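K.L.:
For what it's worth, the working numbering labels the leading residue of the sequence shown as 189, then goes sequentially.
Even for Gly, the Cβ is constructed at its ideal location relative to N, Cα and C.
From a predicted model like this one, the values you see are computed outputs, not experimental measurements.
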Amino acid sequence: MSKLVLKTAAVTLAAIIFLCALIFGAFVLFRPVSLARLFEGAGNDSAAAYFYIRSYEKTGDFEELALLCEKIDEHDMSEDAAKYLSLFIENEKFADYCEEYDAKYSSYYSAREAAYGRLTVSIYLSEGIESALLKAKQLCEGNYSEYNPFYWLITDGRLSFSETDIASIKTALRGIECDESEREFLERDIALAEELSAK
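#1: From this set, Ile277, Asn331, Lys292, Ser310, which residue's C-alpha is nearest Arg371's C-alpha?
#2: Taking 6 Å as the limit between beta carbons, can you name the residues of its chain near Ala269, skipping five residues before and five after?
#3: For Leu384, which of Asp264, Thr343, Glu315, Lys271 has the nearest alpha-carbon?
#4: Nearest-angstrom Cα distance between Glu278 and Ala381?
#5: Using only CA atoms, which one of Tyr272, Ser298, Ser295, Pro337 lies nearest to Ile317?
#6: With burial defined as no fewer than 16 other Cβ atoms inside 10 Å of the residue's Cβ, what is the status of Lys292: buried or exposed?
#7: Since I believe Phe276 is in contact with Cys257 (beta carbons under 8 Å), could you give me their beta-carbon distance rounded to a whole number of angstroms?
#8: Hey, how far is the Cα of Thr247 from the Cα of Leu273?
#9: What span of residues does the alpha helix (DSSP H) with Lys281 cover, start to end?
#10: Taking Ser234 as the reference, give the member of Tyr244, Asp249, Met265 with the closest Cα.
#11: Quick check on the DSSP output: the alpha helix (DSSP H) that includes Tyr312 runs from which residue to which?
#12: Using three-state DSSP, classify Ile277 as helix, strand or coil.
#13: Please classify Ser243 as buried or exposed, where buried requires at least 16 neighbouring CB atoms within 10 angstroms.
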């Protein structure tokens with residue numbers, strides 16, 4: 189009798205596990221955005237970013253790309269971050285997104301500065317210092333803002349620079365041309381670069 193009860197319980201448990209796996213698989217295939225929101229609500233941004241990637245690849249929807257770029261970690265997922273932040277910045281809706289975001293949320297840096305800075309950091313981690321500095325310089329053309337990509341790169345406490353990296357940063361900064369109104373930011377960044385030490 190007890191064997192029959194145990195066997196029935198085991199079969200029921202196996203059926204429940206199979207059904208849960210089937211439902212989860214269906215969400216992964218057909219509604220990854222729902223799983224992204226579930227993980228986002230649970231505070232697991234890396235899992236949320238993974239499912240936002242799946243969802244964006246299915247739909248190509250800019251709103252999902254924006255959510256993905258808000259959640260993705262430029263350190264732990266640097267290659268993906270470089271890819272999707274680039275797509276985000278190049279999208280024709282990016283300027284409107286930044287304007288709406290800045291109007292809605294108060295921060296000492298703008299949405300554009302954050303996206304540019306995070307992209308530069310992700311490129312440094314995935315491709316190296318020369319690619320990161322080239323991208324930073326491109327993003328600063330015509331507007332060397334207070335929280336520019338060089339500033340994000342230099343002040344990111346999670347990064348470790350070699351002596352060669354530091355020398356490259358200093359050289360790149362010395363080659364920047366900016367308006368007189370922006371010079372204080374450039375001089376600040378050069379001073380910060382001088383304080384960097386290899387790790």
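P.N.:
Walking through what the data contain:
#1: Asn331
#2: Ile260, Glu262, Ser310
#3: Thr343
#4: 29 Å
#5: Pro337
#6: exposed
#7: 5 Å
#8: 17 Å
#9: First-last for Lys281: undefined, no H or E at that position.
#10: Met265
#11: 299-315
#12: helix
#13: buried
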